[in-house]
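Residue numbers (this note's numbering), protein chains in the order written: chain A, 57 to 204; chain B, 4 to 483.
Cβ coordinates follow ideal geometry from the N, Cα and C atoms, glycine included.
Remember, it's a predicted structure, so these values are computed and weren't measured experimentally.
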Amino acid sequence: MFVLLRQLHRVRRQAGLPRRSDVRSLALRHVDAGSCNACEHELTAASAPAYDLQRFGLDIVASPRHADALLVTGAVTTRMSVALSRAYEAMPEPRLVVALGDCAIGCGVLADADELAAPLDELLPVDIRVPGCPPTPDAIAAAILARL
Amino acid sequence: MSQGAQHGVELQTVEAGVWREACAEALDSGARFACAYAGAAPGGREGLAWSAVFVRGPGVRVIRTDVETSVDSIVDLAPGADWDEREAHDGYGLDFDGHEPMRPLLVHDDDLETWTVPVTGEGVHQVAVGPIHAGVIESGHFRFHVVGERILALDPRLFYKHRGLERAAEGALVADGLAYALRACGACAVTNSVAYAQASEMAQGLVATRPMRRARTVLLELERLYNHLHDIAAICAGVGFAAGNMAFAALKERALRLNAQIGGHRFLFGTVSVGLNEFELGGVELQRARGVLRELRADTATAWRELEFAASFQARLDGVGELTIADARRLGSVGPAARASGMRIDTRTESPDLWYGSTFKAVALADPTGDVAARLQIRAAELEQSFEMLDDLLAEPVEGSPSEPTRAGAAPIGVARVESPRGETVCVCEADLGRVKRLHLRTGSYANWAGLANACAGELLPDFPLINKSFELCYACVDR
């Protein structure tokens with residue numbers, strides 16, 4: 057256990073992450089509306105030691121009812137569109153929608169048109185767009201922080 | 004009955020009346036069911052072609068029959084064909100005689116009785132989870148039938164992320180079809196790309212040269228490396244062991260950064276092409292990569308030792324989510340999950356178009372208990388094996404190369420099998436005049452969902468996240 061913690065301490069030292077300079081915060085909820093899982097890997101990495109989103113006051117929360125921003129990954133499939141809109145409706149206002157990754161933005165989506173509901177920005181009001189296939193953890197953090 | 008042999012794939016077309024018999028014969032001869040798929044009948048004829056792929060050693064046999072609306076089920080002979088038949092029923096309207104009840108898979112019917120297994124008794128109730136989960140997880144729905152906290156049965160409902168990638172790929176240029184296979188899953192992008200590249204090369208009468216085989220093997224092992232590191236982190240997260248979770252997440256991050264450095268992409272997207280290899284590694288960069296891998300190997304070994312001696316962590320893993328070898332075999336499990344149950348199955352031992360060679364041996368546990376602990380152990384052992392292999396592979400430069408034409412020439416069907424971090428992935432590519440006619444991808448995750456549901460029966464509901472993470476199957480790969 058102590059060896060693991062020492063390893064982590066070294067990771068933190070090498071990453072040299074600046075401490076947060078203010079006290080703002082944003083609670084994030086993620087919905088996978090039809091992604092390839094790469095965006096999920098990068099979003100998970102964003103909370104891991106090398107990036108540590110929490111130091112900016114960004115936290116991934118379990119329920120849309122606790123969330124300020126909805127992070128949507130993937131082109132929205134017909135089968136996910138109902139769950140996506142329910143998650144959005146469950147959020148308190150004011151609320152932000154973040155299109156995470158090229159598919160959610162509607163860039164170069166590979167799919168059978170019959171299986172997709174509609175582009176995300178026709179379904180929900182998109183506030184932040186994070187391009188990339190997938191966007192790197194740095195890009196995810198930067199895009200959200202710019203609007204904080 | 005007509006038979007046509009090509010390198011590695013034997014296509015056997017039979018009448019619908021003897022289809023079941025032909026499959027039974029293949030299974031009796033020791034072949035294993037690999038996948039089945041429907042497609043348009045050849046030659047523009049009315050109706051559908053229904054094909055099943057059987058494998059034995061490196062040999063592949065495709066048994067095909069023309070069907071109008073129904074065909075005999077083989078689900079009793081090969082229970083692994085359950086989802087394949089249900090998928091063809093929903094996607095192509097094909098009926099299967101003897102597959103009853105035919106529960107929907109792709110079609111999401113609101114009526115619970117159509118798609119769940121009836122579970123009744125005193126105090127039995129259902130717990131519904133998903134498609135959206137509490138963490139950063141892919142979308143899928145789980146319906147648990149429970150008594151108190153004890154799971155009696157689990158009905159997983161996937162395909163929430165079904166993007167119709169196979170249909171979308173139809174008509175694309177063969178070289179462009181790779182993008183559809185790649186985007187099926189980010190975490191298996193290399194496996195899916197290599198499987199598609201090999202299948203489509205076979206269909207075009209091409210074969211990979213030695214430098215191509217080596218390059219693809221390097222990429223496949225780099226993919227296994229970050230996935231196994233991720234999976235160990237996930238199992239730690241599954242019991243709330245934060246130090247282990249974060250330590251292995253940090254190790255995975257280093258593997259991803261190495262990928263970006265040498266392959267230009269953290270998940271190695273775009274490093275595999277059809278008909279050639281463009282991924283090169285030599286000189287200083289090669290030495291640096293080898294050095295990074297050696298450091299990563301040493302730190303992984305240290306972290307793993309710590310996990311082994313974290314008694315409170317280990318105590319949570321023993322005997323949880325057991326999958327017996329009999330069930331694993333019956334349900335068609337593959338990959339680390341099957342090996343953790345004691346099955347000697349690893350497609351890398353049967354991959355002549357890759358660089359594993361005749362000396363490669365699948366990792367086997369001394370005591371394959373088939374529980375979460377065994378699935379964790381097998382990943383650690385395979386990590387060490389992948390590090391060792393990469394060190395050997397990177398002793399020489401990785402070079403670019405075009406593929407070579409085979410003597411057999413173009414074939415009506417190409418089938419490739421590649422071992423992904425989750426097990427055998429089978430890719431079928433049928434091409435016509437340089438365009439994709441049918442693409443079918445059946446990944447290691449697809450094969451293992453039945454085993455996962457089986458392992459959950461009798462376990463506690465709060466242990467599900469742990470059992471789920473010990474399999475760590477992709478949803479995107481399955482849904483396509």
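Determine the DSSP secondary structure at residue i, reduced to helix, strand or coil.
i	result
B:Tyr229	helix
A:Leu114	strand
B:Val275	coil
A:Leu201	helix
A:Leu82	strand
A:Gly72	coil
B:Val481	helix
B:Ser32	coil
B:Asn280	strand
B:Ser73	strand
A:Leu180	coil
A:Val87	strand
A:Thr133	strand
B:Ala91	helix
What residues of chain A sit near residue i, judged by a beta carbon separation below 7 Å?
i	result
B:Leu168	Leu166, Ala167
B:His231	Within chain A, no residue comes near B:His231; the closest Cβ sits about 14 Å away, beyond 7 Å.
B:His111	Arg135
B:His165	Thr133, Arg135, Glu171
B:Val139	His86, Glu96, Leu99, Thr100, Ile116
So who's on the other strand from residue i, going by DSSP bridges?
i	result
B:Leu326	BP columns for B:Leu326 are empty, so no partner.
B:Cys38	B:Val56
A:Ala155	A:Val128, A:Arg185
B:Phe99	B:Val74
So residue i contacts chain B; which residues on that side make the cut at Cβ distance below 8 Å?
i	result
A:Ala64	Contrary to the premise, residue 64 of chain A reads as Leu rather than Ala in this sequence. What A:Leu64 touches in chain B: Ala246, Met249, Ala250, Ala253.
A:Met57	Ala246, Glu309, Ala313
What separation, rounded to the nearest whole angstrom, lies between the Cα atoms of residue i and residue j?
i	j	result
B:Arg257	A:Ala139	35 Å
A:Pro190	A:Leu166	14 Å
B:Met4	B:Val221	Low confidence applies here, because B:Met4 scores a pLDDT of 37, under 50, leaving its location unreliable; read the following figure in that light. Taking the straight line joining both Cα atoms gives about 42 Å.
B:Ser276	B:Ala178	7 Å
A:Arg69	A:Val59	15 Å
B:Leu14	B:Ile66	6 Å
B:Leu261	B:Lys164	30 Å
B:Asp87	B:Leu109	11 Å
B:Ala384	B:Ala343	11 Å
B:Glu141	A:Gly164	21 Å
B:Leu382	B:Val429	According to the sequence displayed, residue 382 of chain B carries Arg and not Leu. C-alpha separation (whole angstroms): 21 Å.
B:Glu152	B:Pro134	21 Å
B:Pro468	B:Gly241	6 Å
B:Lys472	B:Ala246	17 Å
B:Gly20	B:Ala52	14 Å
B:Ser354	B:Ser361	10 Å
A:Ala199	A:Leu114	12 Å
B:Arg300	B:Asn230	14 Å
A:Arg135	B:Glu288	45 Å
B:His233	B:Leu476	12 Å
B:Ile328	B:Phe147	24 Å
B:Arg351	B:Ile470	26 Å
B:Ala369	B:Arg378	13 Å
B:Arg216	A:Arg142	48 Å
B:His102	B:Glu407	44 Å
A:Arg85	A:Ala146	11 Å
A:Asn176	A:Ala195	The sequence shown places Leu at residue 176 of chain A, rather than the Asn named in the question. Rounded to the nearest angstrom, the two C-alpha atoms are 20 Å apart.
B:Gly189	B:Glu125	44 Å
B:Glu28	B:Gly62	15 Å
B:Leu185	B:Pro159	25 Å
B:Asp93	B:Thr123	27 Å
So residue i contacts chain B; which residues on that side make the cut at Cβ distance below 9 Å?
i	result
A:Gly90	Ser142, Tyr163, Lys164, His165, Arg166, Ala479, Asp482
A:Pro105	Met249, Ala250, Ala252, Ala253, Glu256
Can you list the residues of chain A that residue i reaches, using a CB-CB cut of under 8 Å?
i	result
B:Tyr183	Leu166
B:Phe484	A question about residue 484 of chain B goes unanswered here, because the residues of chain B that appear run from 4 up to 483.
Using a Cβ cut-off of 7 Å, pull out every chain B residue sitting near residue i, in sequence order please.
i	result
A:Pro190	Gly189
A:Leu61	Ala246
Unbroken stretches of the beta strand (DSSP E), 3 residues or longer, contained in the stretch 145-216 of chain B: Listed in chain order, they are 153-160.
Where are the alpha helix (DSSP H) runs, 4 residues long or more, that stay fully inside the stretch 395-476 of chain B, in chain order? Runs of the alpha helix (DSSP H) inside the stretch 395-476 of chain B: 447-459, 467-474.
Let me know the beta strand (DSSP E) ranges lying completely inside the stretch 116-148 of chain B, each 3 residues or longer, listed in chain order. Runs of beta strand (DSSP E) with 3 or more residues, each lying fully within the stretch 116-148 of chain B, are found at 127-132, listed in chain order.
Jot down the residue ranges of each uninterrupted alpha helix (DSSP H) in the stretch 303-384 of chain B, minimum 4 residues, whole runs only, in chain order. The qualifying runs are 314-317, 328-334, 338-343.
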